[in-house]
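*Asks:* These protein sequences, in sequence, are chains A and B. Take the position in the first sequence, starting the count at 1, then add 958; the result is the number in our numbering. Take the position in the second sequence, starting the count at 1, then add 958; the result is the number in our numbering.
Protein chains: 2
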Amino acid sequence: MAPSHRATLDTAVETIRSRAHWSPHPEHPRAYQDDGSAAFRALCDTTFDLGQPGTDDWVGGETSPYGFPLGVRYPHADPDVLLPAMRAALPAWRSAGPERRALVCLDILARINARTPEFAQAVMHTTGQAYPMALQAGGPHAQDRGLEAVAYAFAEQTRTPERASWTKPQGKRDPLALVKEFVPVPRGIALVIGCNTFPTWNGFPGLFASLATGNPVLVKPHPRAVLPLALAVRVARETLAEAGFDPNLVALAAERDGEGIARTLALRDEVRIIDYTGSTAFGDWLEANARQAQVFTEKAGVNTVVIDSTDDYRGMLANLAFSLSLYSGQMCTTPQNVLIPRGGIATDAGPKSYDEVVADLAAAVSGLLADDARAAGLLGALVGPQVLDRMAGAERAGRVALASRAVRHPEHPDATVRTPLIVAVDAADPDAEQAFMAECFGPVSFAVAVDSTDAAVALLRRTVRERGALTVLGHTTSERVARELTDACLDECAQLSLNLTGGVYVNQTAAFSDFHGSGGNPAANAALVDGAFITPRFRTVEIRRPA
Amino acid sequence: MAPSHRATLDTAVETIRSRAHWSPHPEHPRAYQDDGSAAFRALCDTTFDLGQPGTDDWVGGETSPYGFPLGVRYPHADPDVLLPAMRAALPAWRSAGPERRALVCLDILARINARTPEFAQAVMHTTGQAYPMALQAGGPHAQDRGLEAVAYAFAEQTRTPERASWTKPQGKRDPLALVKEFVPVPRGIALVIGCNTFPTWNGFPGLFASLATGNPVLVKPHPRAVLPLALAVRVARETLAEAGFDPNLVALAAERDGEGIARTLALRDEVRIIDYTGSTAFGDWLEANARQAQVFTEKAGVNTVVIDSTDDYRGMLANLAFSLSLYSGQMCTTPQNVLIPRGGIATDAGPKSYDEVVADLAAAVSGLLADDARAAGLLGALVGPQVLDRMAGAERAGRVALASRAVRHPEHPDATVRTPLIVAVDAADPDAEQAFMAECFGPVSFAVAVDSTDAAVALLRRTVRERGALTVLGHTTSERVARELTDACLDECAQLSLNLTGGVYVNQTAAFSDFHGSGGNPAANAALVDGAFITPRFRTVEIRRPA
């Protein structure tokens, strides 16, 4: 194990306190040896054996959104064999203590980082992300979030010392004196239920938070995005075994499409922690039914932009156009509803009417995506056919201000690539409201005409309270409006970005500095990563005896 | 506000890291001006007006276990008026920030501390605790636990800075630069559901944890133990108002006996945090039904002692006799099942058979309580008639090894005072098992004959897993057995004390150093006080904008 892991851990712990920019994981493709395609091709059409106990069958059926089957077959587990084997691995991992666990986790992350291009290919061909984004978001940024979870886990577990002496004076009598040991103990097996669009980025925080706090982790990937997490499980098992621990501390639960094993696993008594990213319906089901477990969910939300005014109209439009286009809006953080006062807004380029703002935003998106090759590199491919269905439904909600365009991918002609659709609607139209007040995941946004900025803030509040939001973006030159947006986000517990006009986008957060979600509105009951994401994963047992 | 509150806060934060002995609250009665009886008498037979909005009636009906009605009438609240008033107080309290909130909480605690004798009388005459214990446990020790919660809340809220600068290099281009604000935001109204036996000790941690993290707190006391918490609410409201905050940040919800308003309040949408101490049935109901809230519960458990061997037989018996007698065993931490190998144990006084150990323990209890005045001062009064019913039931479970004796209280002849009952049972007897595997709250313990120390450890494991435990005590001279007891407590997540033979008792924990409960077995889903008791009470909202 590299001796520098301890230094990395210390810097991570320091950075979650300073919230400055930092990452040990380079994000530029040039930092990595190759583009991972050879390693990826070598994985396709193979049996991905992990040596797990209780493997009763082999399953697989992933198809790349770029138009070919992956052909990888994964172990299908008998939980009655696999879960007891995982449980048996717990005591030695618990005994290792917080520091050793953190360092092993850092070693897993370092090995994953060394294979970033291979992970990037796996992410690309399961999610549809373009390669540069799959490399960054699926590689270093996901690794950062995993490391951040380890740093929080280490900090929370070591706030109580391993040993303490306690001496209480008793006047003239001898003092009372005890020695005390404090041991962080894990809760049990942790289940990570992965999502289709960001398997590593959304999966790593829960995986590493649970593992670093001593819990064995069973990873149940989305049946259409298994490979990235299967690779992570393989690396984790190898690292654990080399470090002298039972590899069954991390295992994979692949399933047949439609088998629905998450529902079964989530109710197993051995499962005491669940991390889930996905639909609101199943997230709500987990919260209501997996009562034996601590359940951390990220569900659907309706992200809102309030446009009041700007002193950089072009910058605002360019920034927003990029946010709407990146990965075809298939991010849980992509803005959906852009609220614009009916009477228009003040800008550095003069007053702009509602219609002008909508038209200029449409033009900014069109301009950004005019070149097919560049567009494909930004948009990636649609993750599945259900996205097209949602787009067709959204078109009927109002006036199409920017039609979606099919883009031919230069290298992958079978990929379904679409530019964003912008639908102009009026907040007062109840039919339109039905559409824009529900999450429409994919390259769809609504330019919502509202009576005023005050009405926009009121609608923002209602949207967050009723539907949840992972991101809120405001554009204003008025400190009063900035204050009102801030108050709304404090009251409704949503993360706010103001006046982004440059190279920082509302849909991106930086580990160690930004919180992803708040855990305080219906979009998610957890934030990545804060103390509340960590502390319920372990308990502290004290052993005291006379000194 | 005393300038030293900040120093006290700093020492508290430091002590929860060192786990050393410390308290700013003197525990000796001589530290306080009088015995509080004049203040207490002045409260009796009065209307306890708190100036709360929505007071629609006056209710009361407390009777002292020492034999007289208190005659205090408390405000009965209309939640449709009171809860919105409390909610309206939230934004200004949120804006105050973690440090100011902590210092106001410390001021509340300091004012409560100054009135410790009055609280002691109120605790004594609602719980039945003897005055010296009511003073210590209901006064300084409860205040310590409240302060500990404030210290944890302050530490958790300030681990993220108020502001941060974030600058990310972009090669030859200008760096990306953001300024970020981080604001801890409360979840909503917190409901504290008090218990009959330790209204302040069990009530203060949740009250102060929620208040210090920005949440308004509604205190719903047990209908037979209102006065101690009503006094705390009054002090809190006065302190808040003097500090320029809305007194409705803390309010009382008294009820008619049998009204059951906890059930109604717990399901109100405004209520987002619940702290509860009481029966397993209602705790389980809260966890299952109050889904809009974070629910912290302390419920019933079966505390176990394993006697393997000792090198201080007399010390062990004396220590255990005290533990069984203190407040007539009406503590959630009192040992219930004393597991003793059928073949006897090794001691410094030679080998002792099971029967000898039981007889010697009975004699130790009898000796300790031989003098009625001393006995009354240790036992206090039974909190209610249901305790007598349970004692009668327990007698039928086995052979009575020590009969309970009625003690005449020298000053309060109407008080029901009883010495502990010890029932000898065999672990192999299924009828006895039904009795000893359920919590029998009160002065009842079972001396359980088991096959061996190994069998005792196995029964300990099963008891904690199935019924929960707040405390486990082991006596052994063998490091192997100590290791097995430790492993059992780590596996089942219970707090372990070993070989207590002096002035530290298993039923007592010290704030800032000992954890009360673990939160990881069926006796409680929360520990007092750890990070997990604090972090779910607030979220962090980030506001970021270009630098």
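Backbone N, C-alpha and C fix where the C-beta goes; we use that ideal spot for every residue, glycine too.
Determine the DSSP secondary structure at Met1087 (chain B), reduced to helix, strand or coil.
*Replies:* The sequence given here has Gln at residue 1087 (chain B), not Met. The answer is coil: DSSP assigns Gln1087 (chain B) none of H, G, I, E or B.
*Asks:* The alpha helix (DSSP H) that contains Ser995 (chain A), what's its start and end?
*Replies:* Here the alpha helix (DSSP H) through Ser995 (chain A) covers 995-1001.
*Asks:* Does chain A have any CB closer than 8 Å to the CB of Arg988 (chain B)?
*Replies:* No, Arg988 (chain B) does not count as interfacial toward chain A.
*Asks:* Could you confirm whether any beta carbon from chain B is found closer than 8 Å to the beta carbon of Glu1114 (chain A)?
*Replies:* Yes - at least one Cβ of chain B is within 8 Å of the one on Glu1114 (chain A).
*Asks:* Does any residue of chain B bring its CB to less than 8 Å from the CB of Asp1472 (chain A)?
*Replies:* With 8 Å as the cut-off, Asp1472 (chain A) counts as an interface residue toward chain B.
*Asks:* Should Ser976 (chain B) be flagged as near chain A, meaning a C-beta pair shorter than 8 Å?
*Replies:* Taking Cβ atoms only, chain A reaches closer than 8 Å to Ser976 (chain B), which makes this a yes.
*Asks:* Could you tell me which residues DSSP pairs with His1034 (chain B) in its beta bridges?
*Replies:* Per DSSP, B:Asp1015, B:Ala1212.
*Asks:* Would you kindly work out how many angstroms separate the C-alpha atoms of Thr1235 (chain B) and Val1499 (chain B), rounded to a whole number?
*Replies:* Those two C-alpha atoms are separated by around 31 Å.
*Asks:* Spell out the partners DSSP gives Glu985 (chain B) in its beta bridges.
*Replies:* BP columns for Glu985 (chain B) are empty, so no partner.
*Asks:* So what does DSSP say about Phe1254 (chain A), is it helix, strand or coil?
*Replies:* Phe1254 (chain A) falls in the strand class under three-state DSSP.
*Asks:* Would you say Met959 (chain A) lies against chain B (beta-carbon separation less than 8 Å)?
*Replies:* Caution is warranted here: a pLDDT of 48 is assigned to Met959 (chain A), below 50, making its placement in the model unreliable, and no coordinate value can be reported.
*Asks:* Which runs of the alpha helix (DSSP H) spanning at least 4 residues fall entirely within the stretch 1436-1467 of chain B, listed in chain order?
*Replies:* Listed in chain order, they are 1437-1450.
*Asks:* For the alpha helix (DSSP H) containing Pro1163 (chain A), name the first residue and the last one.
*Replies:* 1157-1170 is the extent of the alpha helix (DSSP H) around Pro1163 (chain A).
*Asks:* With DSSP collapsed to three states, give me the class of Tyr1110 (chain B).
*Replies:* Here Tyr1110 (chain B) sits in helix by DSSP.
*Asks:* Name, please, each residue of chain A whose Cβ falls closer than 9 Å to the Cβ of Ile1250 (chain B).
*Replies:* Reading off the sequence, residue 1250 (chain B) comes out as Gln, not Ile. The contacting residues do not exist; Gln1250 (chain B) stays about 11 Å from chain A at best.
*Asks:* On the criterion of 16 or more Cβ atoms from any shown chain inside 10 Å, does Ala1000 (chain A) qualify as buried, or is it exposed?
*Replies:* The residue in question, Ala1000 (chain A), is exposed, as its Cβ has fewer than 16 Cβ neighbours within 10 Å.
*Asks:* Any residues in the stretch 1088-1115 of chain A with a beta carbon nearer than 7 Å to a beta carbon of chain B? Which ones, in chain order?
*Replies:* Against chain B - using a Cβ distance shorter than 7 Å - the residues of the stretch 1088-1115 of chain A are Glu1114.
*Asks:* Just the Cα atoms here: how many angstroms apart are Gly1161 (chain A) and Asp1233 (chain A)?
*Replies:* Each residue's alpha carbon lies about 8 Å from the other.
*Asks:* What's the call for Lys1130 (chain A), buried or exposed, on a 16-neighbour Cβ count within 10 Å?
*Replies:* Exposed, because fewer than 16 other Cβ atoms sit within 10 Å of the Cβ of Lys1130 (chain A).
*Asks:* Since Cys1447 (chain A) meets chain C, which of its residues come closer than 8 Å, beta carbon to beta carbon?
*Replies:* The chain labelled as chain C is not found among the protein chains of the depicted structure, namely A and B.
*Asks:* Does the structure place the stretch 1468-1485 of chain A close enough to the stretch 1464-1476 of chain B that three or more beta carbon pairs sit under 8 Å?
*Replies:* No, the stretch 1464-1476 of chain B does not touch the stretch 1468-1485 of chain A.
*Asks:* Looking at the C-beta of Arg1366 (chain A), does it have a partner C-beta in chain B at a distance below 8 Å?
*Replies:* It does not: the Cβ of Arg1366 (chain A) has no partner Cβ on chain B nearer than 8 Å.
*Asks:* Are Pro1163 (chain B) and Ala1107 (chain B) touching if we call contact CB-CB under 8 Å?
*Replies:* Taking 8 Å as the Cβ cut-off, Pro1163 (chain B) and Ala1107 (chain B) qualify as a contacting pair.
*Asks:* Over what stretch of residues does the alpha helix (DSSP H) that includes Ala1416 (chain B) continue unbroken?
*Replies:* Residues 1411-1425.
*Asks:* Can a CB atom of chain A be found closer than 8 Å to the CB of Ser1455 (chain B)?
*Replies:* Answer yes: the Cβ-Cβ gap between Ser1455 (chain B) and chain A drops below 8 Å somewhere.
*Asks:* Among A:Ala1485, A:Val1315, A:Val1422, which has the Cα closest to the Cα of Leu1278 (chain A)?
*Replies:* For Leu1278 (chain A), the nearest C-alpha among the options comes from A:Val1315.
*Asks:* Pull up the distance between the alpha-carbon of Phe1077 (chain A) and that of Phe1394 (chain A), whole angstroms please.
*Replies:* If I take the Cα positions, the gap works out to 35 Å.
*Asks:* In this structure, does DSSP put Asp1313 (chain B) in helix, strand or coil?
*Replies:* Looking at Asp1313 (chain B) - three-state DSSP - the assignment turns out to be helix.
*Asks:* Could you check how far apart the C-beta atoms of Ser1168 (chain A) and Arg1495 (chain A) are, in whole angstroms? I think they sit under 8 Å.
*Replies:* Confirmed, Cβ separation roughly 6 Å.
*Asks:* Below 8 Å between beta carbons: does that hold for Leu1418 (chain B) and Val1264 (chain B)?
*Replies:* Contact: yes.
*Asks:* Is the Cβ-Cβ distance between Ala1148 (chain A) and Pro1174 (chain A) less than 8 Å?
*Replies:* Result yes, Cβ atoms of Ala1148 (chain A) and Pro1174 (chain A) sit closer than 8 Å.
*Asks:* For Arg1503 (chain B), I'd like the list of residues in its chain whose CB is within less than 7 Å of its CB, leaving aside the five on either flank, ordered along the chain.
*Replies:* Around Arg1503 (chain B): Leu1136, Val1137.
*Asks:* Can you grab the Cα-Cα spacing for the pair Ala1386 (chain B) / Leu1336 (chain B), in whole Å?
*Replies:* Rounded to whole angstroms, Ala1386 (chain B) to Leu1336 (chain B) spans 34 Å at the Cα level.
*Asks:* Between the Cα of Phe1240 (chain B) and the Cα atoms of B:Thr1435, B:Val1177, B:Val1439, B:Gly1152, which residue gives the shortest distance?
*Replies:* It is B:Gly1152 whose Cα lies nearest to the Cα of Phe1240 (chain B).
*Asks:* Who does Lys1178 (chain A) pair with in a DSSP beta bridge?
*Replies:* BP columns for Lys1178 (chain A) point to A:Ile1151.
*Asks:* Find the residues of chain B that neighbour Ala1416 (chain A), judging by a C-beta separation of less than 9 Å, and give them in chain order.
*Replies:* By Cβ distance, chain B contributes nothing, its closest Cβ being about 16 Å from Ala1416 (chain A), past 9 Å.
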